[in-house]
Amino acid sequence: MGSSSRWLRVAVAWALLAPARAALSTTQTLEGVGGVLQHFCSQKPCVLPLKPLRHEVEGVGAVTVAVGQEVADAVEAWALAARVQGLPLGLDGVAEAARALCIQKKCNRGVALPPAQVDLEGVGTVTVPFGREPSELIEVFAAQAYTAGHGLLPFETHQAVMANLCAQMPCHVPLTEKTLEIEGVGEIRVAVGQEVADAVRTFVDNARRAGHAVGTEGATAIMERLCSLKKCNVPLDLGPDTLKIENIGTVVVGLGEEPSVKLLDWLERVREAGQFVGADAATKILQNLCHPSPGRKVCRVPLNVATWKLNVTGVGMLTVPFGAEPADSVLGFVESAVAAGHVIDVEGASMMMEQACQAKKCYKQLDAVDRKLEVEGVGTIPLPFGHDPTTRVTNFLHQARQAGHRIDATAATQIMQGACGMRKCHRPLDVADFQLKVKDIGTLAVRFGEDQKGVPPFYF
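Numbering (our numbering), first residue to last: 36 to 495.
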């Protein structure tokens, strides 16, 4: 009972000193408490001395909570000091220490060790929790930014972020780009946030394009050496890049091959098979080949998708778009010229084809064969290449009527349809009735194909 009374008096005295303790440092508080205890213990012996709390953490050291000190304050100070020394202490270890101490002493607040953060405009925020190395989290952030489409950020940017983070918390592991000199070939550099496998693949691709013989064995050796410098998360892939084009086929580009060159060869085979891939579609395919996935191809040679042109004197400009067959373009040009009133015969068209096929490989012959349409019981309509079918049919009908054949509008229309099935027609056949208004008499009407006697010749 006497011992309890003494401790009660100490507790009361300690409570009375609370305002003073709040304004004093830890050392001053301990001195004041020591004085109070010395006073009471000089009158009656103290059985249980008032002393600091201590908790040992393996590999880090002991955290000590002084008499009158808040556990959270002691743990925070201890944790920060441990990290300054580079000791292996994270948030889990801090939480465990705090829990152990709060069992022995009442805790009035939780431990607060906020993360260090740096905002990178347009990219995101680098967050480093207590106990983690900033260089490690910058690597993770850079890899995520690359996957999100921001590309490999400049090393200078990462250095600036690192400096900012190290001003907020201790840094013990430097941020570096991993490099390796390959004799006779050059230096391979693994950027911050870049997978080693991607860097090696790109290096091998560039080396082969430059004429160096870097095989699978050599690439594997490079990979192994770099993986001893930086953690590797994915295996090395030296297979070709492939891109499937719907309803056409698959483009395959091996390491060391230029995508635009391989694509052009592939497009030539597509055109030879009778399929058309224009300039816009070809450009999009090349863009996909050059950026199929992180760490893949970089295109150095552009794809020439220019239109081939030939000035045809007195007629116009012949154009052969990228991916088109010269024969189709020449035929289209001739048809347009015919529609405009020009005549381009087989010889003229052949000269255009010859020049076009010197500039571009031709897989198709120009359909420049003269044709003819047999009209049963009447005669033959010649339909030569490069001439207007409507004019030919009109002349034939006129000659047939003069020869005594009666061909009405319906029959003439059928003949015209037959001609247009052989040659492209650009204007319709005029099968309207002939009408002439005569003053004070009326209207003279002659049906198409009829030979009205008594009507002056110039009416027909």
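Ideal Cβ positions, reconstructed from N, Cα and C, are used throughout, including at glycine.
The beta carbon of glutamine 139 sits closer than 6 Å to those of Leu88, all from its chain and outside the five residues before and after it, given in chain order. Fully contained in the stretch 264-322 are the following alpha helix (DSSP H) runs of length 4 or more, in chain order: 294-307. Our two residues, glycine 250 and phenylalanine 190, have alpha carbons roughly 30 Å apart in a direct line.
For glutamine 152, the enclosing beta strand (DSSP E) has its first and last residue at 151-155. For the set Pro463, Glu293, Ala97 and His90, the Cα lying nearest the Cα of leucine 338 is the one of Glu293.
The residue among Cys201, Arg134 and Ala133 with its C-alpha nearest the C-alpha of threonine 162 is Cys201. Distances from the CA of asparagine 199 to each of Arg236, Asp154 and Ala178 were compared; the closest alpha carbon is that of Asp154. Contact annotation: alanine 232 and leucine 271 have beta-carbon atoms nearer than 8 Å. Apart from the 5 residues on each side of it in sequence, valine 381 sits with its Cβ closer than 6 Å to the Cβ of Ala403 and Phe420 in its chain, given in chain order. Under the DSSP assignment, arginine 89 falls in the beta strand (DSSP E) whose first and last residues are 88-92.
Around the beta-carbon of proline 463, fewer than 16 other beta-carbon atoms lie within 10 Å, marking it exposed.
Exclusion of the five residues before and after cysteine 325 leaves Pro294, Lys332, Val333 and Cys334 as the residues of its chain whose Cβ lies within less than 7 Å of its Cβ.
Between the C-alpha atoms of glycine 484 and methionine 457 there is a straight-line separation of about 24 Å.
Assigned with DSSP and collapsed to three states, methionine 352 falls in strand.
Sixteen is the threshold: when 16 or more other Cβ atoms of the shown chains lie within 10 Å of the Cβ of alanine 454, as they do, the residue is buried.
DSSP links valine 347 through a beta bridge to Gly351. Proximity to leucine 261 across Val235, Leu122, Leu432 and Glu281 peaks at Val235, based on C-alpha coordinates. Of the candidates Gly166, Lys399, Phe357 and Glu174, the residue whose Cα lies closest to the Cα of leucine 366 is Lys399. In the three-state reduction of the DSSP assignment, leucine 172 falls in the helix class.
Straight-line measurement puts the Cα of threonine 448 at about 47 Å from the Cα of isoleucine 320. Below 8 Å, too few C-beta pairs join the stretch 115-123 and the stretch 169-176 to call them touching: fewer than three. In the DSSP assignment, isoleucine 223 falls within the beta strand (DSSP E) that extends over 221-225. At the C-beta level, alanine 372 and methionine 388 stay beyond 8 Å of one another. Its Cα nearest to that of glycine 412, the residue His440 stands out among Lys395, His185 and His440. The Cβ neighbour count for glutamate 252, taken over all protein chains shown within 10 Å, is under 16; the residue is labelled exposed.
Residue pairing of glutamate 409 in beta bridges, as defined by DSSP: Thr415. Within the same chain, and ignoring the five residues on either side of alanine 467 in sequence, no residue has its Cβ closer than 6 Å to its Cβ.
Here threonine 192 is not bridged, per DSSP, to any residue. As for any beta strand (DSSP E) of minimum length 3 sitting wholly inside the stretch 109-169, the runs are 151-155 and 159-163, ordered along the chain. Under DSSP, alanine 97 takes part in a beta bridge, and its partners are Glu91. Look at glutamate 370 here: in three-state DSSP terms it is helix. In the pairwise beta carbon analysis, the stretch 131-147 is classified as touching the stretch 102-111: at least three pairs are separated by under 8 Å. For a cut-off of 8 Å, the C-beta gap from alanine 151 to methionine 204 is around 5 Å, short enough to register as a contact. When the beta-carbon positions are compared, leucine 302 and glycine 358 come within less than 8 Å of each other.
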